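For reference, each letter of the sequence shown is one residue, going 658 to 789 in this note's numbering.
The C-beta atom is built at its ideal place from N, Cα and C for all residues, glycine as well.
Only a predicted model underlies this, so the values are computations on that prediction, with no experimental measurement involved.
The block underneath contains the structure these notes are about, expressed in structure tokens.
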Amino acid sequence: MTPDKITGPTNELAKERNRAAAERTITAWIQNCLTLIGFGFAIDQIFQALQQKFPNRNPLITIQSAHYISLTLIAIGIVLLIIAMIQHYFEVQSIQRDDYFFYPSHYLNMIVVLAVILFGFISLLIIFLGLN
Numbered sequence: 658m659t660p661d662k663i664t665g666p667t668n669e670l671a672k673e674r675n676r677a678a679a680e681r682t683i684t685a686w687i688q689n690c691l692t693l694i695g696f697g698f699a700i701d702q703i704f705q706a707l708q709q710k711f712p713n714r715n716p717l718i719t720i721q722s723a724h725y726i727s728l729t730l731i732a733i734g735i736v737l738l739i740i741a742m743i744q745h746y747f748e749v750q751s752i753q754r755d756d757y758f759f760y761p762s763h764y765l766n767m768i769v770v771l772a773v774i775l776f777g778f779i780s781l782l783i784i785f786l787g788l789n
């Protein structure tokens, strides 16, 4: 015997709260990803401007290294935004079901954390070891 479907205003309000929470989450993801993309663009532009302004100075970070860091930041921002969109899609789909089904998202979260950690270590290596 299966339990009756839960209906009524209480259930619909709970679904609406969950939808609003999912919307706030995707908005925060978009904000953070745009920040990463903006930092990537800004770093590249700043280092190019410094190189043009002071062409005879020997920088600690070369233009090529700054360019790689910038491209990596932009790529991570785009990839994280795609992951956030996938996670948001699954969350909204599970909320819309009459029989709520939980989609675990810890695998997507682990990918995000590992990507950011890997980028941090690579950036540290480029900066501290002077890899060109």
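For a cut-off of 8 Å, the C-beta gap from I783 to S722 is around 5 Å, short enough to register as a contact. The C-alpha of V769 lies about 8 Å from the C-alpha of I740. The DSSP-derived three-state label of N766 is helix. DSSP places I740 in the uninterrupted alpha helix (DSSP H) bounded by 720-753. The beta carbons of H745 and I683 sit about 4 Å from each other, so the pair counts as a contact at 8 Å. Taking a C-beta distance under 8 Å as the contact criterion, L738 and I687 qualify as a contact pair. For P666, the secondary structure class from DSSP, reduced to helix, strand or coil, is helix. In the displayed model, N675 falls within a helix according to three-state DSSP. Inter-residue distance for I694 and A732 is about 8 Å (C-alpha atoms, whole angstroms). Inclusion of R681 and V749 in the CB contact set at 8 Å is not warranted, their separation being larger than that value.
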